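Worksheet for the structure shown next.
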Amino acid sequence: MPTLKSSVLRTVDVARRAGYSVQQIRNLERDGVVPPAARTAAGYRVYGEVHLNSVLAYRALAAGTGPVEAKRIVRAAHEGPTARLLALLDAVHARLDRERTDLGLAREAARAISAEPVCGVRPADAMGVSELAAALGVRASTLRHWDAEGLVIPDRLSGRGTRRYSPAQVRDARIVHQLRGAGYRIDPLRALMPQLRRGHRWETVETALAARETSIELRSRALLDAAAALRTVIDLADRAVPDRPTSA
129 MPTLKSSVLR TVDVARRAGY SVQQIRNLER DGVVPPAART AAGYRVYGEV
179 HLNSVLAYRA LAAGTGPVEA KRIVRAAHEG PTARLLALLD AVHARLDRER
229 TDLGLAREAA RAISAEPVCG VRPADAMGVS ELAAALGVRA STLRHWDAEG
279 LVIPDRLSGR GTRRYSPAQV RDARIVHQLR GAGYRIDPLR ALMPQLRRGH
329 RWETVETALA ARETSIELRS RALLDAAAAL RTVIDLADRA VPDRPTSA
C-alpha cells in the first residue's frame, strides 16, 4: 500500500493521470476535494497518492451521482468520520437500486399498455383532464405540462377549448407516466412520443428503456471505480493520522 511520501507529483502529473486540466486540479483543491498540497521553496505545488486518488474518486463519483454530491463525498473522506462517508455512499447506491426497481416496473407496465388494442372509439370513452389526472394519480397541471411539451396532446372541444383525451391519448399518457416514473426526462420523451403515435409502439419504448438501463449501469460502474479510489484515500488518511475517527 503506498504512503503519503511514496511518490511526488506535480500539478500537471495529477492532471494528466486523472484526465483533467491543471486549472481543474487547482479548483478541486480550492473546493476541498483535494487536500492542500505541500509547496516547494519556490512555491510549486507537490502532490502525492492521496491527492491523485482524491481526484480519481471525484471524477468517478461525478459520473455516478453528479459533481455536487461527488464533492461532498470526497470531502467526507478527508474530514471523517468514516461512518459518515459510508452513509453517503450507501445513500447513492440506494437511489440507484430504486431507479433499477422503478425501471423494471416501468418496462412491465409499458409493455402491457403498448399491447392494448384501441378500437371501437366512442365519444363516451374520452376523458377530461380531471378524470385522467385522477386515474393516473397526478395533478391536472402535470397533464397540461405534458400537453405544452408535446408529449400527450389532447383534442380540444370546439368553442370552449376544453381538453378531451381519446383512448389512444389516454394510453400515451399512461406510457408517459410510467417512463417519467422511471426517470425518463422530458426532452427524450418529446422525441419518443411522436414515434409512438406513428405506430412504433413497444419496440420504441423498449429502446428508450434500454438506454435508461445503460445509463444506470454506467453510473453503477463509476461508483465501483470511485470506491476503489476512496478506499485508498481513507487508508492513506488513517496512516497519516492514526487516531483519525472512524465513527460518529
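Residue numbers (my numbering): 129 to 376. Ideal Cβ positions, reconstructed from N, Cα and C, are used throughout, including at glycine. As the structure is a prediction and not an experimental result, all values here were calculated from the model.
How about the stretch 264–278 and the stretch 215–230: do they share at least three Cβ pairs that are nearer than 8 Å?
no
Among Arg138, Leu320, Asp275, Met255, which one has its Cα closest to the Cα of arginine 173?
Residue 173 sits at position 45 when you count from the first residue of the sequence shown. Cα-wise, what sits closest to arginine 173 is Arg138.
Rounded straight-line distance, which links the Cα of aspartate 159 to that of alanine 143:
To locate residue 143, count along the sequence shown from 1; it is residue 15. To locate residue 159, count along the sequence shown from 1; it is residue 31. C-alpha separation (whole angstroms): 16 Å.
Tell me whether serine 88 is buried or exposed, calling it buried when 16 or more other Cβ atoms sit within 10 Å of its Cβ.
As shown, the chain starts at 129 and ends at 376. That puts residue 88 outside it, with no answer to give.
Using only the alpha-carbon positions, how far apart do arginine 200 and alanine 355 sit?
By one-based count along the sequence shown, residue 200 stands at place 72. By one-based count along the sequence shown, residue 355 stands at place 227. Spanning the two alpha carbons is a distance of roughly 14 Å.
Which residues in the same chain as leucine 184 place their Cβ atom closer than 7 Å to its Cβ, once the five residues preceding and following it in sequence are excluded?
Along the sequence shown, one-based indexing puts residue 184 at 56. The residues are Ala146, Ala357.
Specify whether the stretch 274–284 and the stretch 190–206 touch according to this definition: at least 3 beta carbon pairs, one from each stretch, less than 8 Å apart.
no
Can you name the start and end residues of the alpha helix (DSSP H) that arginine 291 belongs to?
Here the question's residue 291 lines up with position 163 in the sequence shown. No alpha helix (DSSP H) contains arginine 291, which is instead part of the beta strand (DSSP E) from 291–293.
Isoleucine 314: buried (16+ other C-beta within 10 angstroms of its C-beta) or exposed?
Here residue 314 corresponds to residue number 186 of the sequence shown, with the count starting at 1. That one is exposed.
Helix, strand or coil: how does DSSP classify arginine 340 here?
The count along the sequence shown starts at 1 and reaches residue 340 at position 212. Arginine 340 falls in the helix class under three-state DSSP.
Tell me the DSSP secondary structure of leucine 279 in three-state form.
Position 151 of the sequence shown holds residue 279. If DSSP states are grouped into helix, strand and coil, leucine 279 belongs with coil.
Measuring only the C-alpha atoms, how far is leucine 132 from arginine 359?
Counting from 1 along the sequence shown, the entry for residue 132 is found at position 4. Counting from 1 along the sequence shown, the entry for residue 359 is found at position 231. The predicted position of leucine 132 is uncertain, since its pLDDT is 40 and thus under 50; a value taken from the coordinates is nonetheless stated next. So the alpha carbons of these two residues sit roughly 14 Å apart.
Determine the DSSP secondary structure at lysine 133, reduced to helix, strand or coil.
Taking the sequence shown and counting its residues from 1, the one referred to as residue 133 is at position 5. Since pLDDT at lysine 133 reaches only 44, below the 50 mark, its modelled position is unreliable, and the value read off the structure follows with that caveat. Correct three-state label for lysine 133: coil.
Excluding the 5 residues preceding and the 5 following histidine 305 in the sequence, name in chain order all residues of the same chain whose CB lies nearer than 7 Å to its CB.
Against the sequence shown, residue 305 aligns to sequence position 177. These residues qualify, in order along the chain: Leu264, Val266.
With distances taken between CB atoms, is the gap from valine 150 to valine 140 smaller than 8 Å?
As a first step, residue 150 must be located in the sequence shown, where it is residue number 22. As a first step, residue 140 must be located in the sequence shown, where it is residue number 12. Yes, these two residues count as a Cβ contact at 8 Å.
If you draw a straight line from the alpha carbon of leucine 156 to that of tyrosine 293, how long is it in whole angstroms?
As a position in the sequence shown, residue 156 is number 28, starting the count at 1. As a position in the sequence shown, residue 293 is number 165, starting the count at 1. Those two C-alpha atoms are separated by around 51 Å.
Within the same chain, show all residues whose beta-carbon is closer than 6 Å to that of leucine 189, passing over the 5 residues directly before and after it, in chain order.
Locating residue 189 in the sequence shown gives position 61, where the first residue counts as 1. Excluding positions up to five away in sequence, the list reads Ala198, Ile201, Ala354.
Would you mind reading off the limits of the alpha helix (DSSP H) that contains tyrosine 172?
For the purposes of this step, residue 172 is taken as the residue at position 44 of the sequence shown. Note, tyrosine 172: premise wrong, no alpha helix (DSSP H); not H, not E.
Where the alpha helix (DSSP H) through arginine 158 begins and ends:
Within the sequence shown, the letter at position 30 stands for residue 158. Its alpha helix (DSSP H) spans residues 150–158.
How big is the Cα-Cα spacing for alanine 339 and aspartate 363?
Your numbering for residue 339 matches position 211 in the sequence shown. Your numbering for residue 363 matches position 235 in the sequence shown. Roughly 37 Å between the two C-alpha positions.
According to DSSP, residues forming a beta bridge with alanine 166:
Here the question's residue 166 lines up with position 38 in the sequence shown. Looking at the DSSP assignment, alanine 166 forms a beta bridge with Val174.
4 or more residues per run - each alpha helix (DSSP H) lying fully within the stretch 190–236:
195–207
Neighbour-count burial assignment, methionine 129, 16 or more Cβ in a 10 Å radius
Looking up residue 129 in the sequence shown gives position 1. In this prediction, methionine 129 has a pLDDT of 35, which is less than 50 and means its spatial position is unreliable; what the coordinates show is noted afterwards. By the 10 Å Cβ count, methionine 129 comes out exposed.
Arginine 347 classed as buried or exposed, judged by whether at least 16 other C-beta atoms fall within 10 angstroms
The count along the sequence shown starts at 1 and reaches residue 347 at position 219. So arginine 347 ends up on the buried side.
Pick helix, strand or coil for alanine 376, following the three-state DSSP scheme.
Position 248 of the sequence shown holds residue 376. Any reading at alanine 376 needs caution, since the residue's pLDDT is 47, under 50, leaving its predicted position unreliable; the model's value is listed next. The answer is coil: DSSP assigns alanine 376 none of H, G, I, E or B.
Going by other Cβ atoms of all chains shown within 10 Å of its Cβ, with 16 needed for buried, is threonine 342 buried or exposed?
In the sequence shown, counting from the first residue as 1, residue 342 sits at position 214. Threonine 342 comes out exposed.
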